[in-house]
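*Asks:* Have a look at this one before I ask anything.
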Amino acid sequence: MSGPLTPTDLSVDDARTVELGGLTVRRLLPKRHRRTVGAWCFVDHFGPTPPDGGAAMEIGPHPHIGLHTVTWLLDGEVLHTDSLGSEQPIRPGQLNLMTAGHGIAHAEQSIRPRGGLHGAQLWVAQPSATRTGAPAFEHHEALPVVDLDGGHATVLLGAVAGTEAASPARTDTPIVGAAVQLDGSGAATALPLTPSFEHAVVVLDGLVEVAGRPLVAGQLAHLAPGADELGLRAGRAAHLLLLGGEPFDEELLMWWNFVARERGEIAAARDSWQGGDGRFGAVASPLASVEAPPL
Ligand code: MN
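Each residue of the sequence shown is one higher than the one before, counting from 27 in the numbering used here.
Here is the structure:
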């Protein structure tokens with residue numbers, strides 16, 4: 027791509043609405059025509075919920091294979107517990123990264139009373155090299171921040187192109203995840219991109235002109251590889267996620283909470299969870315375990 031991006035360089039999809047553990051979420055990925063952006067394979071945006079504590083996240087123990095879960099909050103507080111014995115409150119500005127590998131189970135529960143809840147849960151597909159490996163859990167309270175004209179970017183995974191600021195979090199494929207906050211000054215923000223990556227922009231709050239195209243919460247804008255800079259502008263304070271990576275070249279089979287390649291792997295993981303054979307371990311949670319749906 028030569029010259030500045032224009033609105034037609036973006037492909038914009040609308041979210042569908044899903045009820046999940048007490049919350050209404052905007053599901054932005056996967057789409058029928060787009061399964062992945064880099065290795066990002068799942069994007070849920072929830073909230074903001076009213077601060078009266080009416081809606082909360084109450085997701086009982088459930089299993090995962092073959093993916094990392096990334097939880098990022100703008101508001102509220104959630105307790106993560108998993109079958110490795112982790113018990114970790116997640117607060118705004120902190121990165122919660124769980125690696126499923128061959129199997130893990132976790133529960134997520136709002137901590138009350140703690141006002142509204144606003145955030146995103148994202149999945150990153152693990153490549154074949156690591157997807158049957160050991161499960162793991164990381165929590166990062168401090169992340170690098172890149173100053174931009176008109177705002178700043180917090181680096182969740184990977185690095186913002188052309189900067190030294192790299193996230194300490196584990197990545198199994200070339201990938202970037204950044205939470206961008208625009209100050210609403212209306213200044214043009216140039217967000218550097220890695221040209222070999224494809225990217226998605228998800229607005230969490232506010233109205234953002236992305237390469238000249240207005241984007242709001244509930245929309246995902248996709249950008250093919252080739253660009254080295256993305257222009258952003260907001261007349262009021264706004265938050266967005268930049269997600270990107272080298273196009274993921276393995277064909278995924280996603281079912282329920284499992285990311286695999288073959289149907290037999292999904293069936294075996296489902297049998298293990300329903301049969302309680304120990305593959306996923308036990309989670310300390312007051313919430314009831316989630317049953318797998320029929321295959
Ligand atoms: Mn989960």
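A virtual CB, placed ideally from N, CA and C, is assigned to each residue, including glycine.
1) From residue 162 to residue 178, what distance separates their C-alpha atoms?
2) Regarding residue 95 and the ligand MN, is the C-beta to nearest heavy atom distance less than 7 Å?
3) Just checking, does the region 91 to 106 make contact with the region 120 to 136 on the three C-beta pairs under 8 Å criterion?
4) Please indicate yes or no: does the CB of residue 132 lie closer than 7 Å to some heavy atom of the ligand MN?
5) Following the continuous beta strand (DSSP E) through residue 149, name the residue where it begins and the one where it ends.
6) Given a threshold of 16 other Cβ atoms within 10 Å of its Cβ, counted over all protein chains shown, does residue 148 qualify as buried or as exposed?
7) Verify whether the separation of the beta carbon atoms of residue 313 and residue 256 is less than 8 Å.
8) Would you say the beta carbon of residue 122 is closer than 7 Å to some non-hydrogen atom of the ligand MN?
9) Indicate whether residue 228 and residue 267 have their beta-carbon atoms separated by less than 8 Å.
10) Do residue 279 and residue 288 have their beta-carbon atoms positioned less than 8 Å apart in this structure?
11) Where does residue 114 sit, in a helix, a strand or coil, going by DSSP?
12) The ligand MN and residue 59: does any heavy atom of the ligand fall closer than 7 Å to the residue's C-beta?
13) How many whole angstroms separate the CB atoms of residue 323 and residue 40, which I take to be in contact at a CB cut-off of 8 Å?
14) Got a sec: does the ligand MN put a non-hydrogen atom nearer than 7 Å to the Cβ of residue 88?
15) Tell me the DSSP secondary structure of residue 300 in three-state form.
16) Any contact of the region 74 to 84 with the region 287 to 305, i.e. 3+ C-beta pairs under 8 Å?
17) Can you tell me which of 65, 318, 299, 135 puts its alpha carbon nearest to the alpha carbon of residue 154?
18) Identify, in the order they occur along the chain, each residue of the same chain with its Cβ nearer than 8 Å to the Cβ of residue 192, setting aside the five sequence neighbours on each side.
19) Which whole-angstrom value is the C-beta distance of residue 264 and residue 32, which I expect to be below 8 Å?
20) Under 7 Å Cβ to Cβ from residue 164, same chain only, skipping five residues before and after it: list those, please.
21) Using a Cβ cut-off of 8 Å (strictly closer), state whether residue 180 contacts chain D.
22) Would you kindly report the start and end of the unbroken beta strand (DSSP E) that includes residue 40?
23) On the premise that residue 38 lies in contact with residue 269, defined as a C-beta separation below 8 Å, what is that separation, rounded to the nearest angstrom?
24) Once DSSP output is grouped into helix, strand and coil, what is the label at residue 33?
25) Is the Cβ-Cβ distance between residue 187 and residue 232 less than 8 Å?
26) Among 56, 58, 134, whose alpha-carbon lies nearest the alpha-carbon of residue 46?
*Replies:* Taking the coordinates as given:
1) 30 Å
2) yes
3) yes
4) yes
5) 144 to 151
6) buried
7) no
8) no
9) yes
10) yes
11) strand
12) no
13) One cannot answer for residue 323 here, as it falls past the ends of the chain, which runs 27 to 321.
14) yes
15) helix
16) no
17) 65
18) 170, 181, 184, 185
19) With a Cβ gap of about 21 Å, residue 264 and residue 32 do not count as contacting.
20) 123, 195, 196
21) Absence of chain D from the displayed structure is noted, only one protein chain being present.
22) 36 to 40
23) 15 Å between Cβ atoms; not a contact.
24) helix
25) no
26) 134
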